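S.K.: Here this note's numbering is used: position 45 in the sequence shown is 990, and no number is missing along the way.
Note that beta-carbon positions come from the ideal geometry of N, C-alpha and C, so glycine has one too.
Model, not experiment: these values are computed from the prediction.
Structure below; questions to follow.
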Amino acid sequence: MAPYLLLFFIFVTCGLVNMTRPRNSIRPVNERDTENAYKAAFKIEPRETAERRKLISLLLVIALLIDMLLIVWIVRFA
946 MAPYLLLFFI FVTCGLVNMT RPRNSIRPVN ERDTENAYKA AFKIEPRETA
996 ERRKLISLLL VIALLIDMLL IVWIVRFA
């Protein structure tokens, strides 16, 4: 059971890191590219997009929990 919990926490941590990272990785070449990179990195997302991402993350966590429970159930009772 411990490896499944470890896998779960790794997935959750990776999901949270992925949600908080900047969306565009731009390597600036000149001053204008630097300015565009800052604008893209700190752009405010629409509320619908943020809510959609939260819902998708929640559904993925629920699916992962169900998957873990099924694996434990199969291993225990098979």
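What is the DSSP secondary structure of Phe987, counted as helix, strand or coil?
M.R.: Counting from 1 along the sequence shown, the entry for residue 987 is found at position 42. Of the three classes helix, strand and coil, the one that applies to Phe987 here is coil, per DSSP.
S.K.: Do the CB positions of Leu1010 and Phe956 come within less than 8 Å of each other?
M.R.: Here the question's residue 1010 lines up with position 65 in the sequence shown. Here the question's residue 956 lines up with position 11 in the sequence shown. Against a cut-off of 8 Å, the Cβ pair of Phe956 and Leu1010 comes out as no contact.
S.K.: Please report the straight-line C-alpha distance between Leu940 and Phe1022, rounded to a whole angstrom.
M.R.: Because the chain here runs from 946 to 1023, residue 940 falls outside it and cannot be looked at.
S.K.: So Met1013 and Phe954 are supposed to be a Cβ contact under 8 Å. How far apart are they, rounded?
M.R.: Counting from 1 along the sequence shown, the entry for residue 1013 is found at position 68. Counting from 1 along the sequence shown, the entry for residue 954 is found at position 9. Actually they are not in contact, since the Cβ atoms of Met1013 and Phe954 sit about 11 Å apart, beyond 8 Å.
S.K.: Which class does Asn975 belong to by DSSP, given the choice of helix, strand or coil?
M.R.: As a first step, residue 975 must be located in the sequence shown, where it is residue number 30. Correct three-state label for Asn975: coil.
S.K.: Do you know how far the Cα of Lys999 is from the Cα of Phe987?
M.R.: Within the sequence shown, the letter at position 42 stands for residue 987. Within the sequence shown, the letter at position 54 stands for residue 999. Roughly 19 Å separates the two Cα atoms.
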